[in-house]
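J.: With numbering that gives the first Met the number 0, letter number 88 in the sequence shown gets 87, and the count goes up by one each step, no holes. Cβ coordinates follow ideal geometry from the N, Cα and C atoms, glycine included.
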Amino acid sequence: MTSARRRGARAVGALAIVLLTGGCAAVAERATPQPVTVAPSPDRDVTASPATPHRPGADPAEVAAGLDAPWSVVVMPDGTQLVSERDTGAVLEIGADGTVREVGRIPGVVSGGEGGLHGLAVRERDEQLWLYAYHGAETDNRVVRLALTGDAGSRTLGDAEMILDGIPRASTHNGGRIAFGPDGFLYVTTGDAGLRDAAQDPDSLAGKILRLTPEGEAAPGNPFDSRVYSLGHRNVQGIAWTTDGQTWASEFGQNTFDEVNRIVAGGNYGWPVHEGVAGDAAYVDPIVAWTPSDASPSGLAAAGSTLFVAGLRGERVWMLDVADDALAGDPVALWAGEYGRMRDAVVAGDELWLLTGNTDGRGSPGPGDDRLLRVPLTAG
């Protein structure tokens, strides 16, 4: 697609970011990280492919246009895509020819500020597809699930079943990304909702990464004997897994540093005591930290040993190679300034899917915004 914005990728200078070549895995004394061993879900293939770096094989191609404040994209087992719209509460199906069809609307969605319909996740169990959705309600944020029936082009949503409620909400810092991990459990990222101290409170759902069973209960092996998996987060909006099984998350900072973190069970990531690299054994340090103008990260995707971070204010996708618990090489900025704000990134098979975020009230929409983009990936 032709664009007047500058095309290309570049390595970023050391002044713009803070790099950690060795990942710190320390946590608060009250939450020493423990390995979580669970049996793989019987309906999931969790065999890891080799942890090799991946690279874009071409520039992004437009798949769909005219989306209204899209927030999350999921790729269905048949290869079609579902997209959430934050403000309308609609779940859209993208056809192979780029046509956009409304599957349905999540009931009870209350939008405003950064709130509304956020993350989507899909799970198949006993030949039934379930759509999970994170959304804002009148007084809180919630996770619901709905039966997804029909084939591509005729899918419909069943009644909403509450999985989790009581997640603090506000006009900002609502978190909202959800994804099933390789262990078959549902991971939910939450923001601090402006309740800074709540991020350090293991009894609060604010400022956390949660780990749930598909029915919404605390997953077995969680470090706090609750739904909480990690704490000390300000506003996590991305979570993904590299093929070596490591969990990674992208997080909005306040005014100084945004972060990408390796997530460990019981880890304390420092907010509001620290932002960026703490250098304190009580907290887990990020593997990379950017200034918000370069990042403001939302969605996060993983392919092999490569992470792709969607940047809102940064108007780019950051590409990071990781090894074990650390960054391997310098981050690379892809398509900087070309597509505007980048809201979500998802890997399915050998393709990277991207959502722009220019109609969310903070961008400058151009013709066709917002858009779903597809990028082929190559390994090695």
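On the criterion of 16 or more Cβ atoms from any shown chain inside 10 Å, does residue 284 qualify as buried, or is it exposed?
T.: buried
J.: Within 6 Å: the Cβ of residue 58 and any heavy atom of the ligand SAM?
T.: Because no ligand of any kind appears in the structure shown, any question about the ligand SAM cannot be addressed here.
J.: Can you look up residue 46 in the DSSP assignment and give me helix, strand or coil?
T.: Since pLDDT at residue 46 reaches only 39, below the 50 mark, its modelled position is unreliable, and the value read off the structure follows with that caveat. Note: residue 46 maps to coil in three-state DSSP.
J.: Going straight from the alpha carbon of residue 210 to that of residue 91, what length do you get?
T.: Their Cα atoms are separated by approximately 26 Å.
J.: Are residue 50 and residue 242 touching if we call contact CB-CB under 7 Å?
T.: yes
J.: Ordered along the chain, which non-local residues of its own chain (more than five positions away) have a Cβ less than 7 Å from that of residue 378?
T.: 51, 53 and 303
J.: Exposed or buried, which one is residue 100 when buried takes at least 16 other CB atoms within 10 Å?
T.: exposed
J.: Return the bridge partner residues of residue 134 from the DSSP annotation.
T.: 116 and 141
J.: Pick out whichever of 85, 214 and 175 has its Cα sitting closest to the Cα of residue 122.
T.: 214
J.: Can you check DSSP and say which residues form a bridge with residue 104?
T.: 89
J.: Would DSSP call residue 181 helix, strand or coil?
T.: coil
J.: Please report the distance separating the alpha-carbon of residue 255 from that of residue 289.
T.: Going by the C-alpha atoms only, they are around 8 Å apart.
J.: My understanding is that residue 233 touches residue 206, with C-beta atoms under 8 Å, so please give their C-beta distance in whole angstroms.
T.: 6 Å
J.: How far does the beta strand (DSSP E) with residue 228 in it extend, from its first residue to its last?
T.: 227-230
J.: State buried or exposed for residue 161, treating a residue as buried only when at least 16 other CB atoms are found within 10 Å of its CB.
T.: In the assembly as shown, residue 161 is an exposed residue. Its beta-carbon has fewer than 16 other beta-carbons within 10 Å.
J.: According to the neighbour-count rule (16 or more other Cβ atoms, all chains shown, within 10 Å of its Cβ), is residue 250 buried or exposed?
T.: Flag for residue 250 reads buried.
J.: Which of the three DSSP states is assigned to residue 292 in this structure?
T.: helix
J.: Who are the near neighbours of residue 107 in its chain, counting only those whose CB is closer than 6 Å to its CB and skipping five residues on each side?
T.: 136
J.: Just how far apart, CA to CA, sit residue 366 and residue 277?
T.: 42 Å
J.: Would you report the Cα separation of residue 274 and residue 291, rounded to the nearest angstrom?
T.: For residue 274 and residue 291, the distance between alpha carbons rounds to 12 Å.
J.: Spatial neighbours of residue 116 within its chain, please: C-beta separation below 6 Å, excluding the five flanking residues on both sides.
T.: 83, 85, 88, 105, 108 and 134
J.: Using the DSSP secondary-structure output, state which residues sit across from residue 328 in a beta bridge.
T.: Residue 328 is not bridged to any residue.
J.: Measuring alpha carbon to alpha carbon, tell me which of 308, 300, 247 and 301 ends up nearest residue 293.
T.: 308
J.: Could you say which of 61, 192 and 78 lies nearest to residue 271 if we only look at CA atoms?
T.: It is 192 whose Cα lies nearest to the Cα of residue 271.
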